[in-house]
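To start, the structure itself, in structure tokens.
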Amino acid sequence: MLLSVHATVGAIIGENVSTSLLAFILAFISHFILDIIPHGDAVLIKAYRNDFKNKGVLYLIIFDVFSTIILISLLFYFHKISYTQTVLWGIAGGILPDIMVAIYEITNKLFKRWHKVHSWAHNRLHWTISLKLGILVQIIIIYLILR
Numbered sequence: 001m002l003l004s005v006h007a008t009v010g011a012i013i014g015e016n017v018s019t020s021l022l023a024f025i026l027a028f029i030s031h032f033i034l035d036i037i038p039h040g041d042a043v044l045i046k047a048y049r050n051d052f053k054n055k056g057v058l059y060l061i062i063f064d065v066f067s068t069i070i071l072i073s074l075l076f077y078f079h080k081i082s083y084t085q086t087v088l089w090g091i092a093g094g095i096l097p098d099i100m101v102a103i104y105e106i107t108n109k110l111f112k113r114w115h116k117v118h119s120w121a122h123n124r125l126h127w128t129i130s131l132k133l134g135i136l137v138q139i140i141i142i143y144l145i146l147r
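Quick note, the sequence shown lines up with residues 1 to 147 if you use full-length UniProt numbering.
If you want it as structure tokens, here you go:
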């Protein structure tokens, strides 16, 4: 899933629970549940692991980070979510697993256990979809979450 999906779900969780710790934990767990849904990045990720200079993945990461910042900013601006610690902790919990995986991919040491859990979630369903369809699926998920 794109960070924008995980951050949005985390924000919505944070908006609807009473404590920052609960927001963080539920958003962290939601990350793995969402990653079970095929979302079209499997081919790019595999290519990136074989060639760290793969521009397709780098462009996707850049797009992902900026779209996440824009989406969350718009949600704050249009008062879909409140700017509270609980919401911020929900966002942090939602995106932390991907940050941990990135650190593992770079160091090949830290967060190995979480990397395995993350890979398990990604590979739970044994079918893949194209990146275009995956992005459409993620847009639909964001739309449904924000309704």
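Idealized CB from N, CA, C, for every residue including glycine.
Remember, it's a predicted structure, so these values are computed and weren't measured experimentally.
Alpha carbon to alpha carbon, how far is residue i from residue j?
i	j	result
Phe78	Leu146	12 angstroms
Thr8	Phe63	16 angstroms
Ile29	Leu96	10 angstroms
Ile70	Ser18	26 angstroms
Arg113	Ile140	31 angstroms
Ile99	Val87	18 angstroms
Ser4	Leu131	15 angstroms
So, for residue i: in the same chain, excluding its five sequence neighbours on each side, which residues have a beta-carbon less than 6 angstroms away from its beta-carbon?
i	result
Phe76	Tyr83
So what's residue i in DSSP terms, helix, strand or just coil?
i	result
His6	helix
Ile129	coil
Phe78	coil
Pro97	helix
Asn16	helix
Thr86	helix
Who are the near neighbours of residue i in its chain, counting only those whose CB is closer than 8 angstroms to its CB and skipping five residues on each side?
i	result
Ile91	Ala7, Gly10, Ala11, Gly14, Ala27 and Ile72
Thr107	none
Quick one: what's got a C-beta closer than 7 angstroms to residue i's C-beta in the same chain, skipping five residues either side?
i	result
Ala121	Phe32, Asp35 and Ile36
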